[in-house]
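Structure first, then comments.
Number of protein chains: 2
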Amino acid sequence: MAKAKTDEFTGDEFFLSDTAKALSHPARIKILKILAEMDVCMCGEIVELLPLAQATVSQHLKELKRVGLIKGEIEGPKTCYCINTGAVKKAYEQIQKYFETINKECIRSCKTQTK
Amino acid sequence: MAKAKTDEFTGDEFFLSDTAKALSHPARIKILKILAEMDVCMCGEIVELLPLAQATVSQHLKELKRVGLIKGEIEGPKTCYCINTGAVKKAYEQIQKYFETINKECIRSCKTQTK
DNA sequence: ATTTCTTATCGTATATTTGCGATGAACGAT
DNA sequence: ATCGTTCATCGCAAATATACGATAAGAAAT
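Protein chains in written order, with this note's numbering: chain A, 537 to 651; chain B, 537 to 651.
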C-alpha cells in the first residue's frame with residue numbers, strides 16, 4: 537500500500553485554515569469591519585451593533601483574539617479593542633499567496649476544461 | 537433601549553463567512569491546492585494524499601462542493617473532481633474587497649495607534 | 001464601603017463538525 | 001450473473017461551536 541498517509545498537513549495549511557476558522561462566522565466578519573472603521577472600540581459598542589447577547593459577542597472577540605487578528609486592552613472598567621494591523625496584513629498576504637498559487641496552477645494545467 | 541439588535545447580517549457577510557467556513561479545515565485547504573495542480577482528479581487520488589479515511593475525504597469534498605468551489609462529475613465508477621474556476625475567482629474577489637476595505641478604513645481612522 | 005458600569009467567565013443546552021467503519025449503489029470486466 | 005473497483009451515504013461517537021442567562025471581577029464614582 538505504501539500509503540503516505542502520515543504526511544500530516546503543513547504549517548501554512550494550518551495557518552490558513554485557522555485564519556479561515558476565525559472568519560467563519562458573520563458576527564466575526566462584521567466585528568473586524570467595525571473595528572476597522574472605529575480604530576478603537578469598547579465591547580459594549582460592538583454589542584450594540586450586533587444581534588447577539590453580550591456574552592456571545594465576548595466569545596467571538598475571544599476567538600478573534602485567539603488568532604491575533606485583534607488586540608484587547610483593559611482600560612478601567614471597559615476593554616478597548618482594536619485591530620492588530622500587522623496580523624491582518626500577514627493573514628491577507630498568506631491568503632493572497634494561496635489564491636494566486638491556485639489560479640496559476642489552474643491556468644497551467646487546465647487546458648481541457650470542458651466547463 | 538432602542539436596541540437595533542434586529543439588524544441581521546448582510547449577504548456579503550454571510551458569503552464571506554460561508555466561504556471561510558469551507559476553508560476552515562487543513563484538509564480542504566490542501567484538497568483545493570491538489571485540484572489546482574492536477575486539473576482533474578479522482579477521489580481516490582486525493583485520499584492517497586491525505587492522512588484521512590476515504591469516507592472523511594468524501595465529506596470534505598462535499599463541503600467544498602456545497603459552497604461551489606469545486607465540481608464533481610460521476611464518470612463511470614469514479615467521480616471526477618475539479619476546481620470551479622469561476623467560483624474560486626469570485627470568492628477571492630470578495631475576500632480582496634473585504635481586506636482592502638479594512639486596510640483602507642484602518643489607515644483613515646488609526647492615527648493614534650499606540651502599537 | 002456601597003453602588004454602578006463594563007466585561008469576562010461559568011454553566012448549560014443545542015447544534016454542528018469531524019472522523020471512521022460498514023453498507024450500498026454504480027459501473028466495468030469477466 | 002458475478003466480482004472487483006470506486007465512491008457516496010448511513011450510523012455512530014467524540015469533539016467543537018454557538019448562544020445565552022447568571023454570576024464574578026475590576027474600576028470609577030458616590
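Every residue, glycine too, gets a C-beta built ideally from N, C-alpha and C. Every value quoted in this text rests on a predicted model; they were computed, and no experiment measured them.
May I have the straight-line CA-CA distance separating Leu597(A) from Ile619(B), to the nearest angstrom? Those two C-alpha atoms are separated by around 34 Å.
Coil, strand or helix - Glu611(B) by DSSP: strand
So what does DSSP say about Val603(B), is it helix, strand or coil? coil
Which residue's Cα is closest to the Cα of Thr555(B): Thr621(B), Tyr617(B) and Leu605(B)? Leu605(B)
Report the rounded CA-to-CA distance for Ile570(A) versus Ser594(A), giving the unit in angstroms. 15 Å
What are the residues that DSSP puts in a beta bridge with Tyr617(A)? Cys577(A) and Gly608(A)
Here's the rule I'm using: 16 or more other beta-carbon atoms within 10 Å means buried, otherwise exposed. How should Pro503(B) be labelled? An answer regarding residue 503(B) cannot be provided, because it is not within the stretch 537 to 651 covered by chain B.
If we count the other Cβ atoms within 10 Å of its Cβ and call it buried at 16 or more, is Ala589(A) buried or exposed? exposed
Local Cβ density within 10 Å of Thr572(A), reported as buried at 16 or more and exposed below that: Before going further, note that residue 572(A) is Ala rather than Thr in the sequence given. Result: buried.
Pick helix, strand or coil for Thr546(B), following the three-state DSSP scheme. coil
Would you please state the rounded distance, in angstroms, between the beta carbons of Glu549(A) and Pro562(B)? I believe it to be under 8 Å. 4 Å
Using a Cβ-Cβ distance under 7 Å, would Lys598(A) count as near chain B? no
Select from Ser560(A), Glu544(A), Thr546(A) and Phe545(A) the residue whose C-alpha is nearest the C-alpha of Val603(A). Ser560(A)
Going by beta-carbon coordinates alone, are Thr621(A) and Cys642(B) separated by less than 7 Å? yes
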